[in-house]
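There are 2 protein chains.
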Amino acid sequence: MNSKAPLYQTIAEAIKARIDAGDYKPGEKIPPIRSLTKRFGVTKATVHKAFERLKQQGIIENRVGSGSYVRFPDKIHAAPGAFDFRTDYLSEHFFPYLQAQTIFNALFDAEKAHALAPTPVEGDPELRQLLGRHYHLPAERTLIISGAQQGLDLVSKVFAANISESILFEDPTYPGAISLFRARHFVPLETDGPNLDQLDRRLSNQIRLFYTMPSVHNPTGISYSAEKKQALARRAQQHGFYIIEDDYLGELKPAPSRLVDIAPDRTIHIKSFAQTTLAGIRLGLMVVPEDLLARFVFAKYSSDITSSGLLQKFMREFFKQGLYGRHIEKVRKHVDHRRNRLQTVIGLCQECAFDPGQAGYALWVRTTNHRQHLTSPWCRGEEFSFSPYFRAYARLAFMHMADEIFDQSLIYLRKYLGEAVG
Amino acid sequence: MNSKAPLYQTIAEAIKARIDAGDYKPGEKIPPIRSLTKRFGVTKATVHKAFERLKQQGIIENRVGSGSYVRFPDKIHAAPGAFDFRTDYLSEHFFPYLQAQTIFNALFDAEKAHALAPTPVEGDPELRQLLGRHYHLPAERTLIISGAQQGLDLVSKVFAANISESILFEDPTYPGAISLFRARHFVPLETDGPNLDQLDRRLSNQIRLFYTMPSVHNPTGISYSAEKKQALARRAQQHGFYIIEDDYLGELKPAPSRLVDIAPDRTIHIKSFAQTTLAGIRLGLMVVPEDLLARFVFAKYSSDITSSGLLQKFMREFFKQGLYGRHIEKVRKHVDHRRNRLQTVIGLCQECAFDPGQAGYALWVRTTNHRQHLTSPWCRGEEFSFSPYFRAYARLAFMHMADEIFDQSLIYLRKYLGEAVG
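Chains as they are written, first to last, in the working numbering: chain A, 1 to 422; chain B, 1001 to 1422.
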């Protein structure tokens, strides 16, 4: 604390320190002004001013009638050019923008203003057919959505009643889901999927949903074994819950069968194109079981009527001309190359350990020196879990930097790890 | 009913007839299978089959664990080329698509892949500034949203608790809002705004929101008087509720002051660009009071992270180059011209009456011959209200047809009205 600073600033720093230490976690409520007044022995106005400062800094946020909460770090806000191991989107540099420009041009040439016309609520019919063929999914139950986050949001609408108590999560898991669903119930994740004993212990009549990223999990990079997928599907049938299969980056490591193949009537399958193309391409797809289809269409309509027709048509052409497939091939090669280089650097750190079987845009690292990385430009493990266990972890995403920045960041990292262990 | 058709089909037709007659209204639950089994004296399987048929026809929809509901007519599904007085969006033919194409091209030339990059959650900073200046709104409290429907959806998230009981609506009002909020409480609308006695009678501690379209109201085309706006603003201050000012088509008839000007700390202002440009341009803006800002940003992030960056940049250029202003000028002239022609035709019908002071893309008509138009290509009054009073009304939207189709539709209308009164 800085004793020469105004009192409210000192209080603000003290609260921030507790947030950094993980005592107040993202999405959690922080104690009300009244109780902090007592704790710090200051007036309400001072605590209020401290809160205002933390709000300005984007560290906490107000929710009307409900107090102040720790904000989730905003992963798309990272400054370009910085060493950014936080953002798990692809760098713009991988995207074939000239081909995109050509597609947009051709769309206006061919369709005039109709290029910007709306599509049916379910999405552009031709795009749905194309995606159905490309991903071996049933087009008639496929909806085009405005990104994977909207897919989760639609689930939260369709299963609105008492949702926090009705849904199980992997531990660790995607913070956007924790925050959206106000997650409370977790099942520990092993390197081949959830711990089944723990899963069985947590299943009850109350549980209606299980949220999972079985292929290239975020943040751990693991994928489920075929056996664990079967086991999960069996339980979904027996207990009558639905599986939300968030196919986060499954394309980077295609599995012979997905949950949507094994248990089509129990699986809500969500796939983002923002993740595989550009964070700004807010499009995704969602496959829902027949009995839920009408409710999901209604939820989509209520949310934003339909996703941008122009972007959908662009995506249609991008797939049709084989550009998407070629783009993914290129991305895979870059991912492999960068992962190898990053693993080499992390491998030099004796206090660091990681599972070499990981896939995706990030490396999930365990370090015994975990307090060191609190202020570092990667995601701390506790952003993905409420369990203190994960404070020893960090997720280093490595695909958002341009090539030259990535090169420099490896040098920085080597130096940093040297100091940390030195 | 058709006595030679299969029994389930006859039951389906009987249910559809009651929906057409307004006995079961859009958004309402229809009686459960069990009760219809008794009513029609048939088996559960037969009623189930009838429901399936109605679902296929898009007339009803299932909501899991909650029964079957009458679907809202899907206003963006109208077949192009038909006489379409239902759709209240602009025809594509008014849109300067060549200029749009030039803008998209220039964006890719200047920004490369960055043209498709994401923006901050709140929206593209430059677009927010531009819109703030253009519409005299505070940029720092302006969010870019994926259309007006998303604005309403964000309100439903921020004010989630017991929302149906907390919100007052004009009667009649926009069906998308009725359906999203499961509206229950209404205040009759007069030609200059809400009936104030009725408004006062309905205000209670429970009411947290009032949803209004004070400039160019949908479906009535009226605008509030300055006095009624003041009266509403005063009540919002006194009773502590928020006004949702849906600036549906206010630009067609700009008012000297809006509710967001009169009561900035009590008004959530929403404006759609889909309505003034093309239905497929899923963008809008939203101004929220300071004390709600953080919650709205969080709701937006949870919903779809951010609206399409590319569309936002397009809109930025569209405004910056003065194209938006010119487009609105052109639209205004077309609206005036078509409205005059339509009013002339409707004026020939002695059983029809309308307020000549209306504005917007539609004409709100009262007819004493109201059963006639049940199967006609315009919106029936009861789509906008639960009150039987509005069954005598129809809304004829006239800007979605191309010029030649509009010409033909007037001939059709003249003939139809002649027969209806003959």
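Backbone N, C-alpha and C define an ideal beta-carbon position, used for all residues, glycine too.
query	result
Residues of chain B with CB closer than 9 angstroms to the CB of residue 28 of chain A, please, in chain order.	None at all; the shortest Cβ gap to chain B is about 14 angstroms.
Could you work out which residue in A:292, A:221, A:45, A:123 is closest to residue 6 of chain A when comparing CA atoms only?	A:45
Under the rule that 16 or more other beta-carbon atoms within 10 Å means buried, what is residue 1368 of chain B, buried or exposed?	exposed
Using a C-beta to C-beta distance shorter than 8 angstroms, which residues of chain B count as neighbours of residue 141 of chain A?	Residues of chain B passing the Cβ test: none, with the nearest at roughly 14 angstroms.
Any beta carbon from chain B within less than 8 angstroms of residue 77 of chain A's own beta carbon?	In this prediction, residue 77 of chain A has a pLDDT of 37, which is less than 50 and means its spatial position is unreliable; what the coordinates show is noted afterwards. It does: the Cβ of residue 77 of chain A has a partner Cβ on chain B nearer than 8 angstroms.
Might you give, ordered along the chain, the residues of its own chain that have their beta carbon closer than 7 angstroms to the beta carbon of residue 84 of chain A, omitting 5 neighbours on each side?	78, 377, 400, 401
Please report the residue range of the beta strand (DSSP E) in which residue 363 of chain A lies.	362–367
Report the rounded CA-to-CA distance for residue 1178 of chain B versus residue 271 of chain A, giving the unit in angstroms.	31 angstroms
Taking the alpha helix (DSSP H) that residue 29 of chain A belongs to, which residues open and close that run?	Where residue 29 of chain A is concerned, there is no enclosing alpha helix (DSSP H), given that its DSSP letter is neither H nor E.
Determine whether the beta carbon atoms of residue 194 of chain A and residue 170 of chain A lie at a separation below 8 angstroms.	yes
On the DSSP bridge assignment, give the partners of residue 982 of chain B in chain order.	Given a span of 1001 to 1422 for chain B in the structure shown, any question on residue 982 of chain B remains unanswerable.
My output table needs one value for residue 8 of chain A: the three-state DSSP class, helix, strand or coil.	helix
Which residue wins for smallest C-alpha separation from residue 1245 of chain B, given the options B:1313, B:1390, B:1346, B:1229?	B:1229
Does the CB of residue 1146 of chain B have a neighbour CB from chain A at under 8 angstroms?	yes
Just grab the DSSP bridge partners of residue 1171 of chain B for me.	B:1188
Classify residue 399 of chain A as helix, strand or coil using the three-state DSSP reduction.	coil
What's the C-alpha gap between residue 1239 of chain B and residue 1187 of chain B?	16 angstroms
Can you name, in chain order, every residue of its own chain whose Cβ lies under 8 angstroms from the Cβ of residue 1248 of chain B, other than the five neighbours on each side?	1148, 1174, 1213, 1215, 1216, 1217, 1218, 1272, 1275, 1360
Exposed or buried, residue 1235 of chain B, counting other C-beta atoms within 10 Å across all chains shown (16 or more means buried)?	buried
Answer yes if the region 1277–1297 of chain B comes into contact with the region 297–309 of chain A, meaning at least three C-beta pairs across the two stretches below 8 angstroms, and no otherwise.	yes
With burial defined as no fewer than 16 other Cβ atoms inside 10 Å of the residue's Cβ, what is the status of residue 206 of chain A: buried or exposed?	exposed
Could you tell me which uninterrupted beta strand (DSSP E) segments, each at least 3 residues in length, are contained entirely in the region 1272–1317 of chain B, listed from first to last along the chain?	1284–1287
Going by Cα to Cα distance, which pick from B:1126, B:1241, B:1153 is closest to residue 1142 of chain B?	B:1126
At which residues does the alpha helix (DSSP H) containing residue 52 of chain A begin and terminate?	44–56
Looking only at its chain, what residues have a beta carbon closer than 7 angstroms to the beta carbon of residue 1397 of chain B, apart from the 5 residues adjacent to it on each side?	1085, 1086, 1087, 1088, 1361, 1362
So, are the CB atoms of residue 1313 of chain B and residue 1131 of chain B less than 8 angstroms apart?	no
By DSSP, does residue 1080 of chain B sit in helix, in strand, or in coil?	Note that residue 1080 of chain B has pLDDT 43, beneath the 50 cutoff, so the model's placement of it is unreliable and no number is given.
With the cut-off set at 8 angstroms, would you say residue 1157 of chain B and residue 1299 of chain B are in Cβ contact?	yes
For residue 1290 of chain B, count neighbouring C-beta atoms within 10 Å of its own C-beta (all shown protein chains included) and say buried if the count is 16 or more, exposed if not.	exposed
Please report the straight-line C-alpha distance between residue 292 of chain A and residue 1198 of chain B, rounded to a whole angstrom.	40 angstroms
Measure the alpha-carbon distance for residue 1389 of chain B versus residue 1039 of chain B and round it to whole angstroms.	28 angstroms
With a 10 Å radius around its C-beta and 16 neighbouring C-beta atoms as the bar for buried, classify residue 1018 of chain B as buried or exposed.	exposed
Give the DSSP-derived three-state secondary structure of residue 1331 of chain B in the structure shown.	helix
Hey, out of A:382, A:384, A:220, whose CA is closest to residue 353 of chain A's CA?	A:220
Taking 8 angstroms as the cut-off, decide whether the C-beta atoms of residue 185 of chain A and residue 168 of chain A are in contact.	yes
Between the C-alpha atoms of residue 330 of chain A and residue 90 of chain A, what's the straight-line distance to the nearest angstrom?	12 angstroms
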